[in-house]
Amino acid sequence: MHNKYANSVKMGKKDIIKIDQVIDLNLDVLGYIDQGITVNIIQNGKRIKHGHLELPEQVEGVITCKNPRCITTTETTLPQVFRLTDREAGIYRCIYCEARAK
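Using numbering that gives the first Met the number 0, read the sequence shown as starting at 0 and increasing by one per residue.
#1: With DSSP as the reference, label Ile18 as helix, strand or coil.
#2: Using the Cα positions of Glu87 and Leu54, report the straight-line distance between them to the nearest angstrom.
#3: Is the region 33-40 touching the region 61-71, taking contact as three or more C-beta pairs under 8 Å?
#4: Would Thr63 be called buried (16 or more neighbouring beta carbons within 10 Å of its own) or exposed?
#5: Give me the Cα-Cα distance between Asp27 and Asp19, rounded to the nearest whole angstrom.
Set out below in structure tokens:
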């Protein structure tokens, strides 16, 4: 994997991450980090897929619930799952206790 910076007419600068091998990558995680990310998939020197990421409806294993009363605090085998409750504000809430992700 390589990380580079490039000049951008729209944004001034942008990051480019080049992954030169096949890996199991959950693009939902990138969409959660920044919904403005553009993904280009290149195979044999040709772009085969291009798209912009959006906020995923649900993320698992990315955010940890900070509510000390949440069941995930005591039941550590339960997955940490958060659901998008407000797309405009980008708010996610724990599916177990409804605590807002921070």
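By construction, the Cβ of each residue, glycine as well, lies at the ideal position given by its N, Cα and C atoms.
By the coordinates alone:
#1: Position 19 of the sequence shown, counting from 1, holds the residue named residue 18. For Ile18, the three-state secondary structure derived from DSSP is coil.
#2: Position 88 of the sequence shown, counting from 1, holds the residue named residue 87. Position 55 of the sequence shown, counting from 1, holds the residue named residue 54. C-alpha of Glu87 to C-alpha of Leu54: approximately 10 Å in a straight line.
#3: No: the two stretches stay apart, fewer than three of their Cβ pairs being nearer than 8 Å.
#4: The residue labelled residue 63 in the question sits at position 64 within the sequence shown. Burial call: exposed.
#5: For the purposes of this step, residue 27 is taken as the residue at position 28 of the sequence shown. For the purposes of this step, residue 19 is taken as the residue at position 20 of the sequence shown. Approximately 20 Å between the Cα atoms of the pair.
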